Amino acid sequence: MMSCCGHMTLQVKWRLRCSIIIHEEESDWLLEPVSLHTCLSVCFLSSLSSVILRSVLKMVSPAIALAFLPLLLTLIIRYRYYFVLLYRAVLTRWVRDCLSGISREERAFQYILTHATPGDSQSILDTFDTWCSKVEFISNIGPKKGKILDRLLQENCPITVLELGTHCGYSTVRMARSLPIGARIYSVEMDQRNAQVAEKIIRLAGFDDDMVELIQRPSDEVIPRLREDLGVERLDLVLMDHWKRCYLPDLHLLEDSGLIGQGSIILADNVIFPGAPNFLRYARRCGLYEVRVHRATLEYMRGIPDGMAELTYIGIK
-6 MMSCCGHMTL QVKWRLRCSI IIHEEESDWL LEPVSLHTCL SVCFLSSLSS VILRSVLKMV
54 SPAIALAFLP LLLTLIIRYR YYFVLLYRAV LTRWVRDCLS GISREERAFQ YILTHATPGD
114 SQSILDTFDT WCSKVEFISN IGPKKGKILD RLLQENCPIT VLELGTHCGY STVRMARSLP
174 IGARIYSVEM DQRNAQVAEK IIRLAGFDDD MVELIQRPSD EVIPRLREDL GVERLDLVLM
234 DHWKRCYLPD LHLLEDSGLI GQGSIILADN VIFPGAPNFL RYARRCGLYE VRVHRATLEY
294 MRGIPDGMAE LTYIGIK
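For the sequence shown, counting from 1, position 130 maps to 123 in our numbering; every step adds exactly one.
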């Protein structure tokens, strides 16, 4: 009897020890002298679980892929022009920056210098358009929206023009060729490298400091000091083509400065893409402007809706 009880006690202690070992150190359970039946059972269950899991994954993965495939194709088709823009504006630029060691804007200037006729503003604009449409994308105002700008210049004949966002000087050249004698453009560009390229392109087109004054400073620093530093009393036309988030703050600065008066025009590019919703909302609700949005597509791209907002100051709240 004692022998039997001792044997049972030993078995209980042994199983308890095995249980503790299995729970505490799963990696060491094969080292314990457990029964062959237990080993085979554990191995069988582990293998069975693995097979079932692989089978479920093989069945579910294709099903999930097939379910999302129509959605993926729809998104690709719907936004294909945006993917093209990403490729042209970001990926191509990055690769060529790495290979050439110079900026995209400097590459554009070298192309214009090689292919355009110096002193011929139309030749420079056409060459710039060719570069942007066929070589590398640059966000100029472009030929289609440029015609809207041309029409406003012809109809209003502004004498004093403020351009916010010179970039490479495309819009500056386009405006300068259409302005009357005695008119002056104050063109503001924050980026030093872009300002240097713009300076060369503007001078290559034949416009000197008397016609175009390039100011390399942030717009929010320039606008409050236009009257004091440059003697500007009134702005007939303001072209906004810089950071879209700056459109509304800069419009407020223009209002506070007293530089825009009855009939002054603010023309803002890219108000639909990438968009300036706060700017448009304010312009429509404040009662100070007559607002017209000229629908177009993004420059040098098909299929991406864009537009220019034309604000005519009437000064009545």
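C-beta: ideal position from N, C-alpha, C; glycine also.
Here the structure is a predicted model, which is why all the values come from computation and not from measurement.
Could you check how far apart the C-beta atoms of residue i and residue j are, in whole angstroms? I think they sit under 8 Å.
i	j	result
residue 307	residue 281	7 Å
residue 219	residue 252	6 Å
residue 295	residue 75	Actually they do not touch by this definition, with Cβ atoms about 11 Å apart.
residue 170	residue 114	4 Å
residue 117	residue 197	6 Å
residue 232	residue 303	That belief does not hold up - the Cβ atoms of residue 232 and residue 303 are roughly 11 Å apart, past 8 Å.
Taking the C-alpha atoms as reference points, what is the distance between residue i and residue j?
i	j	result
residue 79	residue 129	12 Å
residue 151	residue 230	6 Å
residue 275	residue 88	40 Å
residue 271	residue 84	30 Å
residue 260	residue 288	13 Å
residue 146	residue 209	24 Å
residue 245	residue 97	33 Å
residue 207	residue 138	23 Å
residue 290	residue 300	7 Å
residue 81	residue 135	16 Å
residue 305	residue 285	9 Å
residue 298	residue 240	19 Å
residue 221	residue 179	14 Å
residue 70	residue 62	12 Å
In this structure, what does DSSP give as the bridge partners for residue i?
i	result
residue 63	Paired residue(s): none; residue 63 is not in a bridge.
residue 233	157 and 261
Going by CA-CA distance only, name the one from the options that's closest to residue i.
i	options	result
residue 235	181, 108 and 118	181
residue 177	91, 226 and 203	203
residue 107	95, 121 and 96	121
residue 243	139, 119, 284 and 215	215
residue 111	302, 193, 278 and 297	193
residue 124	159, 163, 153 and 158	163
residue 228	81, 135 and 149	149
Check: Taking contact to mean at least 3 C-beta pairs separated by less than 8 Å, is the region 128 to 142 in contact with the region 99 to 108?
Finding: The region 128 to 142 is in contact with the region 99 to 108.
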